[in-house]
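In full-length UniProt numbering, the protein residues as written are 1 to 345.
Glycine included, every Cβ here is placed at the ideal spot set by N, Cα and C.
These figures come from a predicted structure and were not determined experimentally.
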């Protein structure tokens, strides 16, 4: 999983993260509804009749797709709280010696992503930074919603059903097909599969799905699984809500391109970065209405498990054909492992 303290790749190990969050959250105003917390997608601050939702996220595991993903991933993290994303700011760190064309391409992708979901880019910062070997973009996003109307990750409740919307690992599959295409070709993956996998980048937004579910009032909590994949996202939901979540592996939706890419490279698609997938918890009596909303949108979905309770330590219990696997912290993402094995990090 993660290495010893100070020797990690990807998200900070849970024990270290808890210390950082405790330090960051020492001063907390009464208007802060959700502050620094394990598993939460965004901060939520009360402004009287409305809630302001804010989020900050870096894109570190993608090269070519960094601009497109930065805008969409940050917007997703606002939308899963039930707020529509409205504004973003971008900090762009380029490798020294980068061409103007490469910067223009990256920012062009970011602008197109923002236009697709109706987000305004209101500011940012750009520089060539020593030590940076591929583009890194940090996106800050914000949105507003009615006061007390949010659906934070911590709001999952025992008895809720666990809902997956759209297949797992869309983002990770697209990144691999773009940044590791030659590796796939060397292992006899066809150009049609690689091209189809790249196109999955166009499906990474979950803004409309999240907003529709929130406005229908059928979800108690929502979450955007990024690093660590669907497994990581489900563990974060369990940690945030202090519950045990039980999920059946064979009910998790996977696309064919993802299956081929994962099998070829020997990686676990359930631990592969998964923007484009929405995880939600649904009270059982609202499952039918949630299904109706998604079917009217023409979106793939599956009820994959249940929030079982609050007895014992928070965890994900993944029921597989080989028994039950228990996860108490998010695993290292498979993209990070690929970068490590190829020396491209």
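Inter-residue spacing [alpha-carbon to alpha-carbon] between residue 130 and residue 86: Here residue 130 refers to the residue found at position 130 when the chain shown is read from its first residue. Here residue 86 refers to the residue found at position 86 when the chain shown is read from its first residue. Whole-angstrom Cα-Cα distance: 32 Å.
Measure the Cβ-Cβ separation of residue 141 and residue 223 and say whether it is below 9 Å. In the chain shown, counting from the first residue as 1, residue 141 sits at position 141. In the chain shown, counting from the first residue as 1, residue 223 sits at position 223. Against a cut-off of 9 Å, the Cβ pair of residue 223 and residue 141 comes out as no contact.
Helix, strand or coil for residue 193, going by three-state DSSP, please let me know. Locating residue 193 in the chain shown gives position 193, where the first residue counts as 1. Helix at residue 193.
Tell me the rounded alpha-carbon separation between residue 306 and residue 237. The sequence position of residue 306 within the chain shown is 306, counting from 1. The sequence position of residue 237 within the chain shown is 237, counting from 1. Each residue's alpha carbon lies about 12 Å from the other.
Nearest by alpha-carbon distance to residue 84: which of 215, 62, 160, 11 is it? Reading the chain shown from its first residue, position 84 is the one you call residue 84. For residue 84, the nearest C-alpha among the options comes from 215.
Residue 33 beta carbon less than 9 Å from that of residue 367: Nothing about residue 367 can be reported from this structure: the residues present for the chain run from 1 to 345 only.
What does DSSP give as the partner residues of residue 141 in its beta bridges? Taking the chain shown and counting its residues from 1, one reaches residue 141 at position 141. Beta-bridge pairing links residue 141 to 55, 88.
Ordered along the chain, which non-local residues of its own chain (more than five positions away) have a Cβ less than 7 Å from that of residue 309? Against the chain shown, residue 309 aligns to sequence position 309. Result list for residue 309: 158, 243, 244, in chain order.
CB-CB under 6 Å to residue 233, same chain, minus the five flanking residues each way: which ones, in chain order? Taking the chain shown and counting its residues from 1, the one referred to as residue 233 is at position 233. Excluding positions up to five away in sequence, the list reads 223, 225, 279.
Mark residue 328 as exposed unless 16 or more other C-beta atoms lie within 10 angstroms of its C-beta, in which case mark it buried. Locating residue 328 in the chain shown gives position 328, where the first residue counts as 1. It is exposed - the Cβ of residue 328 has fewer than 16 other Cβ atoms within 10 Å.
Confirm, please, whether the CB-CB distance from residue 246 to residue 163 is below 9 Å. The sequence position of residue 163 within the chain shown is 163, counting from 1. The sequence position of residue 246 within the chain shown is 246, counting from 1. For residue 163 and residue 246, no; Cβs fall outside 9 Å.
So which of 138, 211, 218 has the shortest CA-CA distance to residue 124? By one-based count along the chain shown, residue 124 stands at place 124. Ranking the options by Cα distance to residue 124, first place goes to 138.
Just to confirm the assignment, what range does the alpha helix (DSSP H) spanning residue 173 have? Taking the first residue of the chain shown as position 1, residue 173 is located at position 173. Residue 173 -> alpha helix (DSSP H) spans 170–179.
What did DSSP end up calling residue 308 once you bin it into helix, strand or coil? Numbered from its first residue, the chain shown carries residue 308 at position 308. If DSSP states are grouped into helix, strand and coil, residue 308 belongs with the strands.
Would you say the beta carbon of residue 306 is closer than 8 Å to some non-hydrogen atom of the ligand HEM? In the structure shown, the ligand HEM is absent, as is every other ligand, since no ligand is present at all.
Between residue 325 and residue 288, what straight-line distance do the alpha-carbon atoms span, to the nearest angstrom? The residue labelled residue 325 in the question sits at position 325 within the chain shown. The residue labelled residue 288 in the question sits at position 288 within the chain shown. Roughly 29 Å separates the two Cα atoms.
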